[in-house]
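Heads up, the thing below is written out as structure tokens.
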Amino acid sequence: MSEAKTAGRELSYAQAIQEAIAIAMERDERVFLMGEDVGVYGGAFQVTGDLVHRFGDDRIIDTPIAELGGAGVAVGAALTGMRPIYEFQFSDFATLAMEQIVNQAAKLRFMLGGAVSVPLVMRFPAGSGTGAAAQHSQSLEAWLGHVPGLKVLQPATPYDAKGMLLAAIEDPDPVMIYEHKILYKMKGEVPEGHYTVPIGKALVRREGPDATVVASSIMVHKALDAAEKLAEEGIDLEVVDLRSVRPMDRETIIRSVMKTGRLVCVYEGVKTLGVGAEISAMVAESEAFDYLDAPILRLGGAEAPIPYNPELEKAVVPQVPDIIAAVRQLVRKER
Amino acid sequence: MSSTAAETIAPLSGDNRPFAFRQFSPETLKTALRQMYLIRRFEEGAEESYMRGLIHGTMHLSIGQEASAVGSCLALSDTDQITSTHRGHGHCIAKGAEVGRMFAEFFGKETGYCRGRGGSMHIADVTKGNLGANGIVGGGLPIAVGAALSMKMQKRKDVVVCFFGDGANNEGAFHESLNMAAIWKLPVIFVCENNKYGMSVSTERSTAVANIAERAVAYAMPGVTVDGNSISAVAEAVHVATKRARAGEGPSLVECKTYRHRGHSKSDRNRYRTKEEIAEWVAKDPIGRFETELKDYGILDEAGIAAIRDSVETEIANGIEFAKASPMPDPSEATRYVYSD
Numbered sequence: 169m170s171e172a173k174t175a176g177r178e179l180s181y182a183q184a185i186q187e188a189i190a191i192a193m194e195r196d197e198r199v200f201l202m203g204e205d206v207g208v209y210g211g212a213f214q215v216t217g218d219l220v221h222r223f224g225d226d227r228i229i230d231t232p233i234a235e236l237g238g239a240g241v242a243v244g245a246a247l248t249g250m251r252p253i254y255e256f257q258f259s260d261f262a263t264l265a266m267e268q269i270v271n272q273a274a275k276l277r278f279m280l281g282g283a284v285s286v287p288l289v290m291r292f293p294a295g296s297g298t299g300a301a302a303q304h305s306q307s308l309e310a311w312l313g314h315v316p317g318l319k320v321l322q323p324a325t326p327y328d329a330k331g332m333l334l335a336a337i338e339d340p341d342p343v344m345i346y347e348h349k350i351l352y353k354m355k356g357e358v359p360e361g362h363y364t365v366p367i368g369k370a371l372v373r374r375e376g377p378d379a380t381v382v383a384s385s386i387m388v389h390k391a392l393d394a395a396e397k398l399a400e401e402g403i404d405l406e407v408v409d410l411r412s413v414r415p416m417d418r419e420t421i422i423r424s425v426m427k428t429g430r431l432v433c434v435y436e437g438v439k440t441l442g443v444g445a446e447i448s449a450m451v452a453e454s455e456a457f458d459y460l461d462a463p464i465l466r467l468g469g470a471e472a473p474i475p476y477n478p479e480l481e482k483a484v485v486p487q488v489p490d491i492i493a494a495v496r497q498l499v500r501k502e503r
Numbered sequence: 018m019s020s021t022a023a024e025t026i027a028p029l030s031g032d033n034r035p036f037a038f039r040q041f042s043p044e045t046l047k048t049a050l051r052q053m054y055l056i057r058r059f060e061e062g063a064e065e066s067y068m069r070g071l072i073h074g075t076m077h078l079s080i081g082q083e084a085s086a087v088g089s090c091l092a093l094s095d096t097d098q099i100t101s102t103h104r105g106h107g108h109c110i111a112k113g114a115e116v117g118r119m120f121a122e123f124f125g126k127e128t129g130y131c132r133g134r135g136g137s138m139h140i141a142d143v144t145k146g147n148l149g150a151n152g153i154v155g156g157g158l159p160i161a162v163g164a165a166l167s168m169k170m171q172k173r174k175d176v177v178v179c180f181f182g183d184g185a186n187n188e189g190a191f192h193e194s195l196n197m198a199a200i201w202k203l204p205v206i207f208v209c210e211n212n213k214y215g216m217s218v219s220t221e222r223s224t225a226v227a228n229i230a231e232r233a234v235a236y237a238m239p240g241v242t243v244d245g246n247s248i249s250a251v252a253e254a255v256h257v258a259t260k261r262a263r264a265g266e267g268p269s270l271v272e273c274k275t276y277r278h279r280g281h282s283k284s285d286r287n288r289y290r291t292k293e294e295i296a297e298w299v300a301k302d303p304i305g306r307f308e309t310e311l312k313d314y315g316i317l318d319e320a321g322i323a324a325i326r327d328s329v330e331t332e333i334a335n336g337i338e339f340a341k342a343s344p345m346p347d348p349s350e351a352t353r354y355v356y357s358d
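Respectively, the protein sequence lines represent chains A and B.
Using the working numbering, the letters of the first sequence correspond one by one to residues 169 to 503.
Using the working numbering, the letters of the second sequence correspond one by one to residues 18 to 358.
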């Protein structure tokens, strides 16, 4: 980390991302951003804002609505000396670009025996809670987490959103960043200037001896809320912010589970074959298995698309009461 | 020819020779013939090695398509870029690769261009501006546009030649790529090698237009259909497109009508085309045509041709020996190169 000022300045998650983009573009002329409506519109979630006025439309590039082609252009630019940031308008639209992400960006370095690298960043506004229904609300980070060659991040705070993006831009390999749309307006402390958050490191957000909750993205905040409420009944949770789906921070997670003996994984993506399945299996295969005092639990998205109706929409992803209930179940079993 | 005609090169007064003979020195033309032989003999050497069990997997041979590969690359420098296809051995050689390292790659050896990790379908030589063959039909098109965007952003005068087949022209990636290249006026030349079949399905059955170059109209760029078995016709069309690209005037589409003498891949039983059709195209072989022209215009005689052929034989034999003698990759390094070290 370089001389980051830590005065209590607050920015929203979206502003923090914008600041990271601006810092990177100031520092390195190879960095540019492309995506749909990222120019004068400022991005569907106002992440790019006025950047086009500051850097010009040849560095903040509005693309046609063509995700496969746009993603491929970013891959080609990364292969030939540039440092592109590609913004998907909604992460769901990346399904149109899977060919370029999975077959090209992820594999080119390997297929060419290390002769090239693909220093590419892609940003994926993801998650439910906006009433945008099934095709604009998914959390498909596990899809990309399954692909060697990619790195997949899920920042949960404005501080991490800025520091992880700067780390991703400076990384030689393709980094996919899942940003939760509900977090864009969340405020938090963000130092001025350049700093990075290391890729692949989870963070213990709250320490406690009774059970470990490994949560990702917006679920970190729900887990922290649940921990406050559980503390009132004498249950002291440890909350681990996963931060990075690939590579996954085995060490931090296992150390926490060995300490608490109980694990709940909380994530918004569909439960089956999701990020929590990997965390659970990793712990079950590890030296932490002998320390478990209760079965591992997973709280993930329901086996359904995200519905439109707001009550239904809430019902298909884990909520604070669900986390509280799961932890009570785990802890009381043993008491 | 498509409705958006490309600029034509006016013959010098009194010089009615084909474009390549007016444009390039005799030495360049001899080198071009040598490269066509080298591709042909490389493909035959690869086929033979496959039969003898030295190569596993599959491969897609470009025998019969040498003119489009060499003609397109004739006026390119090492800093100009290309993207290639699953039928990409010829492009790789035309862009200056060494056949020894290519054979080594096919044999899965550590000395191969991809250290044995890529094989035939991912053969690349980035030091010579070849960004790689591609196992995905249409996969290289947006990458070529991205490389062209790099050239423009870096204010380089280099261009990108994007090879693709007739099969790719029905992929969404083709349409998205041509559109973006056109709206941003990028220095890219889309070279379609139309060999009539996307695996088994003919362009008549797969493609709504008679000539793929007609699709250039939809993207407001010049589109031209040429005899892809005439190295001069290919070189002329690509020369015009390259000039336009270097001048910042944007992309072009060049369709080379050609034919692969072999099947799609090693599994092909040629059930979708007739022996007569194959014989007809073999008679139009691009190498024989170019040899005849070189003799007609007094650039080479039989002895000169024989000398070139002999030197190619030696290079191929040495290349195969180099590949055979090269070490295999170490299995303990099977997951290396996934990420930067």
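Note that CB positions come from ideal geometry on N, CA and C, so glycine has one too.
Secondary structure of residue i, DSSP reduced to three states
{"i": "PRO463(A)", "result": "coil"}
{"i": "GLY305(B)", "result": "helix"}
{"i": "PHE181(B)", "result": "strand"}
{"i": "TYR327(A)", "result": "helix"}
{"i": "HIS106(B)", "result": "helix"}
{"i": "ARG288(B)", "result": "coil"}
{"i": "ALA342(B)", "result": "helix"}
{"i": "LEU179(A)", "result": "strand"}
{"i": "ASN33(B)", "result": "coil"}
{"i": "PRO293(A)", "result": "strand"}
{"i": "VAL484(A)", "result": "coil"}
{"i": "MET18(B)", "result": "In this prediction, MET18(B) scores a pLDDT of 34, lower than 50, which makes its location untrustworthy; no coordinate-derived value is stated."}
{"i": "GLN272(A)", "result": "helix"}
{"i": "THR380(A)", "result": "strand"}
{"i": "CYS90(B)", "result": "helix"}
{"i": "ALA23(B)", "result": "In this prediction, ALA23(B) has a pLDDT of 43, which is less than 50 and means its spatial position is unreliable; nothing more can be read from the coordinates."}
{"i": "MET169(A)", "result": "Only weak support exists for where MET169(A) lies, its pLDDT of 42 falling under 50; the value from the coordinates is given anyway. Here MET169(A) sits in coil by DSSP."}
{"i": "PHE191(B)", "result": "helix"}
{"i": "HIS389(A)", "result": "helix"}
{"i": "GLU64(B)", "result": "helix"}
{"i": "PRO473(A)", "result": "coil"}
{"i": "ASP244(B)", "result": "strand"}
Proximity winner among the options, relative to residue i (alpha-carbon distances)
{"i": "GLY295(A)", "options": "LEU460(A), VAL438(A) and ILE491(A)", "result": "VAL438(A)"}
{"i": "ARG69(B)", "options": "LEU203(B), PHE124(B), SER101(B) and GLY184(B)", "result": "PHE124(B)"}
{"i": "ILE345(A)", "options": "GLU255(A), HIS389(A), LYS427(A) and ARG277(A)", "result": "GLU255(A)"}
{"i": "ALA190(A)", "options": "VAL208(A), ASP205(A), GLU204(A) and GLY217(A)", "result": "GLY217(A)"}
{"i": "VAL284(A)", "options": "LEU247(A), GLU360(A), LEU219(A) and GLY317(A)", "result": "LEU247(A)"}
{"i": "GLU65(B)", "options": "LYS145(B), LEU50(B), ARG132(B) and ALA334(B)", "result": "ALA334(B)"}
{"i": "TYR504(A)", "options": "ALA494(A), TYR435(A) and ALA302(A)", "result": "This structure leaves residue 504(A) out entirely; chain A is present only between 169 and 503."}
{"i": "ILE233(A)", "options": "GLU338(A), GLY203(A) and ALA245(A)", "result": "GLY203(A)"}
{"i": "GLU396(A)", "options": "TYR327(A), GLY299(A) and GLY376(A)", "result": "GLY376(A)"}
{"i": "ALA264(B)", "options": "ILE206(B), GLY315(B), ASN186(B) and ARG279(B)", "result": "ILE206(B)"}
{"i": "THR45(B)", "options": "ASN246(B), LEU311(B), SER349(B) and ILE295(B)", "result": "LEU311(B)"}
{"i": "VAL177(B)", "options": "SER167(B), GLY31(B), THR291(B) and SER223(B)", "result": "SER167(B)"}
{"i": "VAL484(A)", "options": "SER454(A), GLY297(A), GLY402(A) and VAL241(A)", "result": "GLY297(A)"}
{"i": "PHE258(A)", "options": "LYS353(A), MET290(A) and GLY176(A)", "result": "MET290(A)"}
{"i": "ASN228(B)", "options": "VAL251(B), GLU193(B), LEU195(B) and CYS273(B)", "result": "CYS273(B)"}
{"i": "GLU231(B)", "options": "GLU266(B), HIS192(B), ILE248(B) and THR259(B)", "result": "HIS192(B)"}
{"i": "ARG10(B)", "options": "ARG58(B), TRP201(B) and VAL154(B)", "result": "Outside the displayed span of chain B (18 to 358) sits residue 10(B), for which this structure offers no information."}
{"i": "CYS209(B)", "options": "ASP175(B), ASP347(B), LEU270(B) and ALA165(B)", "result": "LEU270(B)"}
{"i": "ASP490(A)", "options": "ALA391(A), ALA449(A), GLU235(A) and GLU481(A)", "result": "ALA391(A)"}
Supposed close pair residue i, residue j - CB separation, criterion 8 Å
{"i": "ILE304(B)", "j": "MET53(B)", "result": "5 Å"}
{"i": "GLY149(B)", "j": "ALA141(B)", "result": "3 Å"}
Under 7 Å by beta carbon: chain A residues contacting residue i
{"i": "LEU148(B)", "result": "LEU247"}
{"i": "HIS106(B)", "result": "The contacting residues do not exist; HIS106(B) stays about 16 Å from chain A at best."}
{"i": "ILE153(B)", "result": "GLU267 and ASN271"}
Chain A residues whose Cβ lies nearer than 8 Å to that of residue i
{"i": "CYS273(B)", "result": "Ordered by position in chain A, no residue passes the 8 Å Cβ test against CYS273(B), which lies about 22 Å from the chain."}
{"i": "ASN186(B)", "result": "Here the premise fails: no neighbours, minimum Cβ distance about 14 Å."}
{"i": "HIS73(B)", "result": "Ordered by position in chain A, no residue passes the 8 Å Cβ test against HIS73(B), which lies about 16 Å from the chain."}
Neighbouring residues, chain B, relative to residue i (Cβ below 7 Å)
{"i": "PHE278(A)", "result": "ARG134, TYR354 and VAL355"}
{"i": "ASP341(A)", "result": "TYR356 and SER357"}
{"i": "VAL241(A)", "result": "PRO159, VAL162, GLY163, LEU166 and MET197"}
Contact test: residue i Cβ vs the ligand PLP heavy atom, cutoff 7 Å
{"i": "ARG423(A)", "result": "The ligand PLP is not part of the structure shown, which contains no ligands of any sort."}
Contacts that residue i makes with chain B (C-beta to C-beta distance below 8 Å)
{"i": "LEU236(A)", "result": "PRO159, GLY189, ALA190 and GLU193"}
Under 9 Å by beta carbon: chain B residues contacting residue i
{"i": "PRO232(A)", "result": "GLU193, ASN196, MET197 and ILE200"}
Closer than 7 Å, Cβ to any Cβ of chain A: which residues of the region 159-193 of chain B, in chain order?
So the close ones are PRO159, ILE160, ALA161, VAL162, GLY163, ALA164, LEU166, SER167, MET170, GLN171, GLY189, ALA190 and GLU193.
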